[in-house]
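Quick note: the sequence shown uses the UniProt record's numbering, first residue 1, plus one each step. C-beta: ideal position from N, C-alpha, C; glycine also. Below you'll find the structure, written out as structure tokens, and then a few comments.
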Amino acid sequence: MYLLDTNVISELRRARPHGAVLAWIRQVPDDEIYISAVTLAEIQSGIEITRDRDPRRAAEIEKWLDLVASSYNILAMDGTVFRMWARLMHGKSDTLYEDAMIAATAQIHGFTVVTRNVSDFTVFRADVLNPFEFASA
């Protein structure tokens with residue numbers, strides 16, 4: 001099972017997503033792909049920043065995010081995940097909050113984090129996969 005990081009979801013919104021990412025996601029069954037509620041929050045936060053300067057574009061991105069939220073399996077943060085998050089964050093920089101939340105979610109559920117930013121998650125000893133380096137067989 002796989003938990004997609006925010007940068008992978010964002011890549012799929014691009015006009016021409018990276019070919020390796022598309023190849024990877026096409027070969028994984030839909031029921032094995034999950035998104036953290038944290039990813040939805042990160043993207044929504046970006047939408048709110050965009051809304052201040054370009055409400056039309058923000059509405060367009062929000063419509064896409066609604067589609068993403070209804071198309072993928074979403075994993076919430078619960079007490080068990082938050083406790084793991086606290087363990088992972090102990091002694092770490094506050095700039096790692098969101099990545100630690102995603103890593104904790106993946107670890108509690110036994111999932112692999114799918115991300116371009118591998119080093120952001122190896123600090124938490126998460127299993128990671130970089131779909132940007134995927135080579136189809």
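Beta-carbon proximity list for residue i, same chain, < 8 Å, skipping 5 on both sides
i            : result
aspartate 64 : Strictly speaking, residue 64 in this sequence is tryptophan, with aspartate absent from that position. Same-chain partners within the cutoff: Arg13.
alanine 37   : Ile74, Leu75, Ala76, Met77
glutamate 42 : Thr6, Glu98
Counted within 10 angstroms of its Cβ, other Cβ atoms place residue i as buried (16 or more) or exposed
i            : result
glutamine 27 : exposed
glutamate 32 : exposed
Beta-carbon proximity list for residue i, same chain, < 7 Å, skipping 5 on both sides
i            : result
glutamine 44 : Leu65
alanine 69   : Leu40
alanine 103  : Leu88, Val113, Phe121, Phe124, Ala126
valine 81    : Ala104, Thr105, Ile108
glycine 19   : none
Close Cβ partners of residue i (< 6 Å) along its chain, the five nearest in sequence each way excluded
i             : result
isoleucine 35 : Leu4, Tyr72, Ile74
threonine 112 : Tyr2, Asp127, Leu129
Problem set entry | Continuous beta strand (DSSP E) assignments of at least 3 residues falling wholly in the UniProt domain "PIN" (2-117) | 2-4, 33-36, 73-75, 112-114
The segment 123-137 in contact with the segment 52-64 per 3-pair CB rule at 8 Å: no
Q.
Measuring CB atoms only, is the segment 112-120 touching the segment 88-95, in the sense that at least three cross pairs come out at less than 8 Å?
A. no
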